[in-house]
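For any residue, its number in this note's numbering is found by taking its place in the sequence shown, counting from 1, and adding 29. Glycine residues also receive a C-beta, built at the ideal position from the N, C-alpha and C atoms.
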Amino acid sequence: MKSNICSVLVTYNRLTDLKKTLKAYVAQTLRPNYLIIVDNASTDGTTEFVDDWSSKHQDAFQVIVLHSEKNLGGAGGFSLGIKKAVELECDFVFLADDDATPFEDMFEKLIDYYSNTSDKDSIAALCTAVIDQYGFSGIQRGRIKKGIISIGREKISQKEYQAETLDVDLLTFVGALIKKSTIQKIGLPLAEYFIHEDDAEYSTRIRKVGRIVCVTSSKIYHLNGGLNVKNWVEYYTTRNYIDYIGRHYPYRYVRYAIFDKYIKKCSIVALLLRHRSKEFRKMNLEAIKDGKAGKLGISEKYYPGIYIR
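Laid out in structure tokens, this is it:
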């Protein structure tokens, strides 16, 4: 069985996690043809490690290391890696972070399902099930629910993962196997999102050309430690969500998204009920304005290392 897969792995300052993950890639029962490692300007020894590691593992798969001169965020890192991947001779591009460790037969299960399905033409992408410390992760895969004025996201329940496959609308870039032909139709992820909502936006484009099928027997482990919501990341979550809704849905959904984010993150409700600081509320107000205006890219005020009270 051939994989015809180019795997893209984005890493930034998580050397311990990266070493564990790379061991799991080498141990796969069906290895990808190519492994592209995107080093997002790491400062913890990752740069030196991946150069040495790649020179020693070319017999496992062809390893290509892309060193970015600056931190492009997850969105920029995956965009860079996918751009390189579509230049190679492969049928699929697989996406995962440095802290996502594949089960030994992850690739084999994905390719086995695709090889044996009679409905290949309808499929634009496949994805694994994501396992975290609580079991099957509901937040890594989901469905879109349209209301009259708002867009909802429905998590996949633990019970649903008992099925052999699931059709989903949303996937994260943790265990995503996208057809090269799909990428050639829809383009690259939006690098200017930097972090957050880039995978939701990309999923929506994927769904416009075909199905996303989750193969539940194919698994990847992702330790979901979570992020403190009172930090710089929230700026991108808010801004990018509003931009994403504006790109894909009628303006009434944008109006509601702005209203919802304002109430929850900027208003007196955010202060009294959620105990959000003035600094935090101001940051999200700027994010709403920037999202509405389409002002994207890395913010000069909110970036890795900045802490918002």
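The segment 40-50 makes contact with the segment 124-131, as at least three CB pairs between them are under 8 angstroms.
Linking I65 to H304 through their CA atoms gives a straight-line distance of about 43 angstroms. Inter-residue distance for R284 and E221 is about 22 angstroms (C-alpha atoms, whole angstroms). Around the beta carbon of D319, a 10 Å sphere encloses 16 or more other beta carbons of the protein chains shown; the residue is thus reported as buried.
Looking only at D228, A114, V298, E329, the smallest Cα-Cα distance to D198 is reached by D228. Annotation: I335 is outside any alpha helix (DSSP H) and is labelled neither H nor E by DSSP.
By the Cβ rule, the segment 143-156 does not count as touching the segment 259-270, because fewer than three pairs are nearer than 8 angstroms.
By the C-beta criterion, the segment 160-180 is judged not to be in contact with the segment 212-226, since fewer than 3 inter-stretch pairs fall below 8 angstroms. With contacts defined by Cβ atoms closer than 8 angstroms, E308 and R338 form a contacting pair.
Taking a contact to require three or more Cβ pairs closer than 8 angstroms, the segment 184-204 and the segment 163-170 qualify as touching. Judged by DSSP in its simplified three-state form, G105 adopts helix. Sorting C35, L252, E226 by C-alpha distance to the C-alpha of I140 places C35 at the top. DSSP links K321 through a beta bridge to no other residue. The beta carbon of Y190 lies closer than 7 angstroms to those of A158, F165, T245 in the same chain, with the five residues before and after it left out. Around the beta carbon of A104, 16 or more other beta carbons sit within 10 angstroms, so the residue counts as buried. Between the segment 90-106 and the segment 62-80 there are three or more inter-stretch CB-CB distances shorter than 8 angstroms, so the stretches are counted as touching. In this structure, the straight-line span from the alpha carbon of F132 to that of C243 is close to 15 angstroms. Taking 3 residues as the shortest admissible run, the segment 89-135 contains the following complete beta strand (DSSP E) segments, listed from N- to C-terminal end: 91-96, 121-126, 129-131. In this structure, the CA atom of K248 is about 43 angstroms from the CA atom of I297. For R276, the number of other beta carbons within 10 angstroms of its own is below 16, and it is reported as exposed.
Around the beta carbon of R236, 16 or more other beta carbons lie within 10 angstroms, which makes this residue buried. Annotated three-state conformation of R240 is strand, per DSSP. With fewer than 16 other Cβ atoms inside 10 Å of its own Cβ, P279 counts as exposed. Check the Cα spacing between T58 and each of G106, H251, K138: the tightest is with K138. By the criterion of a C-beta distance shorter than 8 angstroms, K112 is surrounded in its chain by L217, once the five residues flanking it on both sides are discounted. Per DSSP, the continuous beta strand (DSSP E) segment holding E183 begins and ends at 180-184.
About 5 angstroms separates the beta carbons of L44 and T75, which is inside the 8 angstroms limit, making them a contact pair.
Between the beta-carbon of S108 and that of N69 there is about 12 angstroms, and that puts the pair past the 8 angstroms contact cut.
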